[in-house]
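*Asks:* Per the working numbering, the sequence shown starts with residue 2, numbered consecutively. Just so it is clear, CB atoms sit at the ideal spot from N, CA and C, and this is done for glycine as well.
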Amino acid sequence: MILRPMVFVGLFFAVLSFSGLNFSVASAAELKIGVMNIQKVLLESVSGKAAKSMFEAKAKELKGKFQNEENALTAMQQEIEKKSSAWSAEKKEAQVREYQKKGREFQVKTEDARFELKQLQDKELEPILKTLQAIVEDYGKKNGYTVILDSKIGVLYANTAVDVSVELTKALDQAMKK
Numbered sequence: 002m003i004l005r006p007m008v009f010v011g012l013f014f015a016v017l018s019f020s021g022l023n024f025s026v027a028s029a030a031e032l033k034i035g036v037m038n039i040q041k042v043l044l045e046s047v048s049g050k051a052a053k054s055m056f057e058a059k060a061k062e063l064k065g066k067f068q069n070e071e072n073a074l075t076a077m078q079q080e081i082e083k084k085s086s087a088w089s090a091e092k093k094e095a096q097v098r099e100y101q102k103k104g105r106e107f108q109v110k111t112e113d114a115r116f117e118l119k120q121l122q123d124k125e126l127e128p129i130l131k132t133l134q135a136i137v138e139d140y141g142k143k144n145g146y147t148v149i150l151d152s153k154i155g156v157l158y159a160n161t162a163v164d165v166s167v168e169l170t171k172a173l174d175q176a177m178k179k
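#1: Tell me the DSSP bridge mates of Asp164?
#2: Hey, quick one: how far does the alpha helix (DSSP H) through Ile136 stretch, first residue to last?
#3: Quick one: grab the DSSP three-state call for Ile149.
#4: Looking only at its own chain, which residues have a Cβ that is under 8 Å from the Cβ of Met55, when we skip the five neighbours before and after it?
#5: Tell me which residues share the same chain as Ser166 and place their Cβ nearer than 7 Å to its Cβ, disregarding the 5 neighbours each side in the sequence.
#6: Can you round the beta-carbon distance between Gly145 and Lys33 to whole angstroms, since I take them to be within the 8 Å contact cut?
#7: With respect to the alpha helix (DSSP H) encompassing Lys64, which residues constitute its N-terminal and C-terminal limits?
#8: Return the CA-CA distance between Leu118 and Ala162, expressed in angstroms with no decimal places.
#9: To the nearest angstrom, how far is it from the Cα of Asn23 to the Cα of Leu133?
#10: Work out the CA separation of Glu31 and Asn160 for me, nearest whole Å.
Written out as structure tokens, the structure is:
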């Protein structure tokens with residue numbers, strides 16, 4: 002007798018599970034999902050290419066600016082390694098202190114340059130990303146998408162048929178011309 006209610010409860014949960022499964026399949030059929038590769042859109046758009054080239058030019062300029070100082074530090078280190086055994090303890094200590102001081106100054110300058118590059122990158126990308134956000138929203142609404150995801154963040158697989166990167170790149174180029 003105890004077995005009969007347990008069978009009934011098991012059947013009840015099985016029916017609930019299958020009805021929920023059918024509901025989920027029906028709901029999933031109504032979803033329209035798109036994916037985009039935001040890096041690809043940024044790197045292939047006209048405005049993204051312009052921002053990238055500006056950023057690379059500034060990085061090259063800063064690297065050139067620091068190259069002489071870096072070479073001088075390397076030469077100073079090599080001199081200390083080669084000649085320190087012939088120097089007096091005071092001279093060796095003074096040279097090492099001077100090298101460390103210049104090394105810290107160089108490190109501060111390079112950190113400042115990295116910060117400057119990060120600010121430049123943010124400044125250049127902010128209007129592009131803001132425009133792209135509006136384009137993605139508009140494109141999604143006009144084309145009936147439930148969601149458009151970045152293919153590089155949390156998407157393990159997506160059929161190329163749902164990739165809207167090319168369309169969004171074209172739309173971004175058009176919007177940034179204005």
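*Replies:* Result, derived from the coordinates:
#1: In the DSSP output, where bridge partners are listed per residue, Asp164 has Val36.
#2: Secondary structure note for Ile136: its alpha helix (DSSP H) is the uninterrupted segment 90-143.
#3: Ile149 falls in the strand class under three-state DSSP.
#4: Taking Met55 as the centre and dropping the five residues before and after it, the same chain places the C-beta of Leu121, Glu125 closer than 8 Å to its C-beta, in chain order.
#5: Excluding residues within five positions, the ones whose Cβ falls inside 7 Å are Met37, Asn38, Lys41, Val42.
#6: Right, the Cβ-Cβ distance comes to about 5 Å (below 8 Å), so this counts as a contact.
#7: Unbroken alpha helix (DSSP H) run through Lys64: 47-84.
#8: Note on geometry: alpha-carbon atoms of Leu118 and Ala162 lie some 37 Å from one another.
#9: Note that Asn23 scores 46 on pLDDT, short of 50, meaning its location in the model is unreliable; the coordinates nonetheless yield the value given after this. Spanning the two alpha carbons is a distance of roughly 37 Å.
#10: Roughly 17 Å between the two C-alpha positions.
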